[in-house]
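Here's the structure, in structure tokens; my notes come after.
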């Protein structure tokens, strides 16, 4: 996006943004996926009522993702990246995928037609794998990025010590904007070359008596980059903070109403895309998803003394939506005929409840400083779909001479009972502890562990209801790490950690597969080259073992499968 700011530093900032645009075009480009939105010619106008000249940077030397409190990245024995507010602003980052273009080792995976975030991290991950968090809480919001997000933190490798059930690839945490105690107003607008645009306002300031507020609101209505479709959303995000002598709290609410294209992209024949214009869709006008996301987050902190502080957190998230999909199932490149099936889903309702308590402090024990965190959390994740409709395959659409106008039929003739009333619940309860021991001025040892118990159930069907999954278990997840600071700005580290993910598969005998268990070894180096430039290097190995079970058609009795990933990342 071309960005024209208003303010006293107009010329200097405009020249800077022009340089950044060139850099982003020729250096930071990433491969496009089939239905990815290409960068378009968009004029963005920004007005800031309080350009206070506060320092901005493309780097951030601390992070909360690995310890629940701000910790210098050089003292974390794992690979951590931060996409700062300045990067998000200068590069017009509007999605998690945009943000991940600045993080090595993370690539986009299947996005379910562009309606969900999906990423592969160090070879592990998919959409809906539970690895995207908002303010430390597992997100069920589909597309998690919106204008209420301040910055993005990424921890690569096992993150189960603090986040529980996860694959060993890592975790992405989006951090919300918080109320500020100085007045600031930010207004922006975009005009898309495809048609339409957006407008956003972000206002924050003090209310007196220790209170401060923030309000972020946005409205977007843009034409889709392919030959039809509309990308539309409305955001309202108020938040309130209070700070006292020892106590503080923050409460925030986000409501996000959306209507977005459901676009599976094009098809490939022998590794090559169809010989049609890149923006021509082979689905239909009916393809879209529409609904509303809501989330409520609260935090209460109390400083017990100069050493210890305790925190209580509660969060609730909901995602309700419906979707239509005219799905291409086969393509004949010679005749141009495309086999398609018109499907529909109604009544998705995904909900998350999360509560946690922790106490942290930095006491002196045996002549050494210990950065200690002790805590417990409870999490419930429910996914639900009320009705599903599956049409019949037709061969009336020609991609060389397309005629659109097919819509799903949502009545008894297409109703699918086995795919309706689908409900999955995952409950987990955990206790965890972590201690970063400053052995000397140069050596830091990290010890931690998590004990987690989970229960998961699944059921389906209205006419013929049945329980499809019922499983429970527990896991102990240790973590060990060591950091050596050669000089204050250069450190070496090594770590060992465990992760696990309960299986949702049952074999032909009805047995639930055992949990997928991951083990990660990692060594690396970090260098704070300047206040605005950092570099890092990590070598890792991830081993994962899963129980397969007895499958007559697919596996012929292989009791276990194991595989590993090795890599080096800068």
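In mature numbering (1 follows the signal peptide of the UniProt record, and there is no 0), the protein residues as written are -34 to -1, 1 to 536. Positions of the beta carbon are idealized from the N, C-alpha and C atoms, including for glycine.
Selected residue, minimal CA-CA separation from residue i, among the options
i: residue 263; options: 481, 77 and 100; result: 100
i: residue 424; options: 66, 470 and 532; result: 470
i: residue 33; options: 43, 116 and 26; result: 43
i: residue 428; options: 133, 394, 386 and 214; result: 386
i: residue 291; options: 252, 317 and 169; result: 252
i: residue 41; options: 488, 373 and 412; result: 412
i: residue 398; options: 71, 256 and 342; result: 342
i: residue 268; options: 466, 229, 212 and 316; result: 212
i: residue 320; options: 159, 350, 394 and 450; result: 394
i: residue 186; options: 166, 193, 204 and 180; result: 166
i: residue 119; options: 25, 219, 181 and 300; result: 25
i: residue 115; options: 153, 454, 287 and 220; result: 220
i: residue 181; options: 142, 414 and 49; result: 142
i: residue 347; options: 103, 63 and 384; result: 103
i: residue 71; options: 51, 359, 159 and 137; result: 137
i: residue 434; options: 389, 294 and 196; result: 389
i: residue 396; options: 135, 299, 442 and 384; result: 442
i: residue 193; options: 488, 414 and 232; result: 232
i: residue 363; options: 306, 310, 203 and 382; result: 306
i: residue 157; options: 133, 189, 175 and 208; result: 189
i: residue 174; options: 489, 206, 197 and 162; result: 206
i: residue 217; options: 234, 384 and 266; result: 266
i: residue 440; options: 453, 450 and 482; result: 482
i: residue 60; options: 177, 493, 197 and 28; result: 197
Whole-Å CB distance - residue i paired with residue j, under 8 Å assumed
i: residue 303; j: residue 324; result: Incorrect: roughly 60 Å between the Cβ atoms, too far for contact.
i: residue 201; j: residue 112; result: 5 Å
i: residue 391; j: residue 422; result: 7 Å
i: residue 486; j: residue 463; result: 5 Å
i: residue 195; j: residue 229; result: 7 Å
i: residue 465; j: residue 132; result: 6 Å
Which residues DSSP lists as bridging residue i, in chain order
i: residue 269; result: 275
i: residue 533; result: 506
i: residue 377; result: Answer by DSSP bridge pairing: none, since residue 377 is not bridged.
i: residue 311; result: 289 and 354
i: residue 172; result: 178
i: residue 495; result: The partner list for residue 495 (beta bridge, DSSP) is empty, contrary to what the question assumes.
i: residue 331; result: 334
i: residue 74; result: 85
i: residue 428; result: Answer is none; residue 428 lacks a bridge partner.
i: residue 409; result: 450
i: residue 348; result: 317 and 391
i: residue 442; result: 417
i: residue 223; result: 200 and 258
i: residue 466; result: 483
i: residue 186; result: 164 and 199
Cβ neighbour criterion (16 or more within 10 Å) applied to residue i
i: residue 184; result: buried
i: residue 436; result: exposed
i: residue 468; result: buried
i: residue 500; result: buried
i: residue 409; result: exposed
i: residue 459; result: buried
i: residue 199; result: buried
i: residue 444; result: exposed
i: residue 365; result: buried
i: residue 164; result: buried
i: residue 418; result: buried
i: residue 287; result: buried
i: residue 534; result: exposed
i: residue 21; result: The predicted model places residue 21 with a pLDDT of 47, which falls under 50 and marks its position as unreliable, so this point remains unresolved.
i: residue 117; result: buried
i: residue 530; result: exposed
i: residue 227; result: buried
i: residue 432; result: exposed
i: residue 95; result: buried
i: residue 447; result: buried
For the region 391 to 405 and the region 280 to 300, state whether three or more C-beta atom pairs, one from each stretch, are separated by less than 8 Å. Touching, no.
Could you say if the region 95 to 110 and the region 258 to 278 meet the contact criterion of at least three C-beta pairs nearer than 8 Å? Here the region 95 to 110 lies against the region 258 to 278, with 3 or more beta-carbon pairs under 8 Å apart.
Counting beta carbon pairs with one atom in the region 141 to 148 and one in the region 162 to 171, are three or more of them shorter than 8 Å? yes
Evaluate contact between the region 324 to 335 and the region 347 to 358, counting only Cβ atoms and requiring at least three cross-stretch pairs below 8 Å. no
Decide if the region 67 to 83 is in contact with the region 204 to 222; the criterion is three or more beta carbon pairs, one per stretch, under 8 Å apart. no
Segment contact flag, the region 367 to 374 with the region 237 to 254, C-beta cutoff 8 Å, min 3 pairs: yes
Pairs of beta-carbons, one from the region 505 to 512 and one from the region 85 to 101, closer than 8 Å: are there three or more? yes
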